[in-house]
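Peer 1: Just so you know, we're using the working numbering here: the sequence shown kicks off at 4 and counts up by one.
Backbone N, C-alpha and C fix where the C-beta goes; we use that ideal spot for every residue, glycine too.
In this text the structure is predicted, and so the values were computed from the model without any measurement.
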Amino acid sequence: MGQTHSQAKPKPEDRHATPQPRADDHHQEHPEAATGRRPPAAPAMDTFFLSHGSPTLSIDEAIPARSFFQSWLPAAVAGSERPRAILIVSAHWETATPAVNVVRGANDTIHDFYGFPKSMYQLKYPAPGAPDLAKRTKELLEQGGFGPVKEDRSRGLDHGAWVPLMLMYPDADIPVCQLSVQPDRDAAYHYNLGRALAPLREEGVLVLGSGSATHNLRKMGPSGSPPPQWASDFDTWLKDSLLGGRYDDVNRYEEKAPNAKTAHPRPEHLYPLHVALGAAGDESKAELIHSSWTNASLSYASYRFTAKN
């Protein structure tokens with residue numbers, strides 16, 4: 004974990020001061036408060052990139068990644084501490100500038116897909132909204148130079164958010180806030196946006212990026228077929244670059260990775276990875292926590308990012 008990684012160098016106008024957690028973000032009901040001793044700090048949370056693949060992940064027991072998502076709580080993949088809230092960055096919410104959903108009460112379940120079995124449209128994931136986290140996220144991003152951040156008070160959770168979460172946290176009892184991606188910006192922008200969100204890890208917030216390691220729907224094939232060369236080459240390059248700490252290459256994947264445009268004709272399914280990677284902080288360590296394929300070319304590779312300290 005002590006290895007130093009090559010990081011993307013933000014442009015001068017994109018550099019961020021790291022805001023400190025606000026005093027009112029922490030609970031004060033510790034007995035140590037009366038004695039003047041500071042309570043032991045909870046460890047900072049890891050961040051994650053999840054390849055959510057097809058929406059049929061929600062019902063299809065044959066998808067190999069489904070058992071991985073279902074093992075999330077039993078295996079304590081995100082640690083033994085229950086997150087105070089979840090911030091999820093989904094590939095399926097695209098905006099010109101960052102936006103957060105500010106929901107009081109339960110999040111609506113958005114069925115933003117078509118042509119699937121009727122049972123999928125009956126699924127609900129009524130996780131509570133996280134309006135305080137939405138405000139905190141907006142504050143950090145605007146302090147970091149990523150404003151203006153829009154507050155969307157009507158949007159619920161799209162399938163990039165609720166499909167994996169319904170398997171990971173099936174009780175739907177953890178507050179969830181969703182953050183959009185900006186497909187007209189580049190990967191380094193999203194990495195630096197993630198860096199602005201790094202303080203959330205110290206505040207009990209689980210930061211998740213939800214997209215796909217490969218995403219070319221026009222080149223999918225029959226399940227059970229081996230991945231085509233273009234898909235396996237990109238997937239392997241991404242794994243090797245992340246595990247080797249070559250984050251600058253990951254932020255320049257369009258010029259560095261083999262078959263980048265074939266693997267991602269549009270970038271929105273990879274940008275959640277950059278946000279999660281940036282939020283883990285400088286010199287973080289990447290770990291591949293799941294790898295599988297469906298439809299020949301759709302990779303479900305998922306990663307954990309652990310801060311050095």
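Which whole-angstrom value describes the C-beta separation of Asn110 and Ala137, a residue pair presumed to lie in contact below a C-beta threshold of 8 Å?
Peer 2: As a first step, residue 110 is located in the sequence shown; it is residue number 107 there, counting from the start. As a first step, residue 137 is located in the sequence shown; it is residue number 134 there, counting from the start. The pair is not a contact, with the Cβ atoms about 11 Å apart (cut-off 8 Å).
Peer 1: The beta strand (DSSP E) with His293 in it runs from where to where?
Peer 2: Against the sequence shown, residue 293 aligns to sequence position 290. Lys288 to His293 is the span of the beta strand (DSSP E), which, as asked, contains His293.
Peer 1: Closest to Ile89 by CA distance: which of Phe51, Arg269 and Ala304 is it?
Peer 2: Indexing the sequence shown from 1 puts residue 89 at position 86. Answer by Cα proximity: Phe51.
Peer 1: From Tyr274 to Phe72, what does the alpha carbon distance come to, in whole angstroms?
Peer 2: Counting from 1 along the sequence shown, the entry for residue 274 is found at position 271. Counting from 1 along the sequence shown, the entry for residue 72 is found at position 69. C-alpha separation (whole angstroms): 21 Å.
Peer 1: Could you tell me the alpha carbon to alpha carbon distance between Cys180 and Leu200, rounded to whole angstroms?
Peer 2: Walking along the sequence shown from the start, residue 180 turns up at place 177. Walking along the sequence shown from the start, residue 200 turns up at place 197. Taking the straight line joining both Cα atoms gives about 13 Å.
Peer 1: If we call anything under 8 Å between Cβ atoms a contact, is Ser213 one with Gly163?
Peer 2: Counting from one through the sequence shown, the residue named residue 213 turns up at place 210. Counting from one through the sequence shown, the residue named residue 163 turns up at place 160. Result yes, Cβ atoms of Ser213 and Gly163 sit closer than 8 Å.
Peer 1: Might you give, ordered along the chain, the residues of its own chain that have their beta carbon closer than 8 Å to the beta carbon of Leu144, omitting 5 neighbours on each side?
Peer 2: Locating residue 144 in the sequence shown gives position 141, counting from the first residue. Closer than 8 Å at Cβ, skipping near neighbours: Pro101, Gly150, Val152, Leu196, Ala199 and Leu200.
Peer 1: CA-CA distance, Ser235 and Ser54?
Peer 2: Along the sequence shown, read from residue 1 onward, the residue named residue 235 stands at position 232. Along the sequence shown, read from residue 1 onward, the residue named residue 54 stands at position 51. Rounded to whole angstroms, Ser235 to Ser54 spans 15 Å at the Cα level.
Peer 1: Could you check the C-alpha separation between Gly227 and Ala299 for me, to the nearest Å?
Peer 2: As a first step, residue 227 must be located in the sequence shown, where it is residue number 224. As a first step, residue 299 must be located in the sequence shown, where it is residue number 296. Gly227 and Ala299: Cα-Cα distance of roughly 7 Å.
Peer 1: Might you give, ordered along the chain, the residues of its own chain that have their beta carbon closer than 7 Å to the beta carbon of Pro3, omitting 5 neighbours on each side?
Peer 2: The structure shown has nothing for residue 3, since the chain only spans 4 to 312.
Peer 1: What do you reckon, are the CB atoms on Leu291 and Ala283 nearer than 8 Å?
Peer 2: Here residue 291 is taken as the residue at index 288 of the sequence shown, counted from 1. Here residue 283 is taken as the residue at index 280 of the sequence shown, counted from 1. No, the Cβ-Cβ distance between Leu291 and Ala283 is not below 8 Å.
Peer 1: In chain order, what residues of the same chain have a beta carbon less than 8 Å from the beta carbon of Ser215, not counting five sequence neighbours either side?
Peer 2: To locate residue 215, count along the sequence shown from 1; it is residue 212. Same-chain partners within the cutoff: Ser54, His55, Gly56, Ala94, His272, Leu273, Leu301, Ser302 and Tyr303.
Peer 1: What is the rounded straight-line gap between the Cα of Tyr250 and the Cα of Ser244?
Peer 2: As a position in the sequence shown, residue 250 is number 247, starting the count at 1. As a position in the sequence shown, residue 244 is number 241, starting the count at 1. Taking the straight line from one Cα to the other gives about 7 Å.
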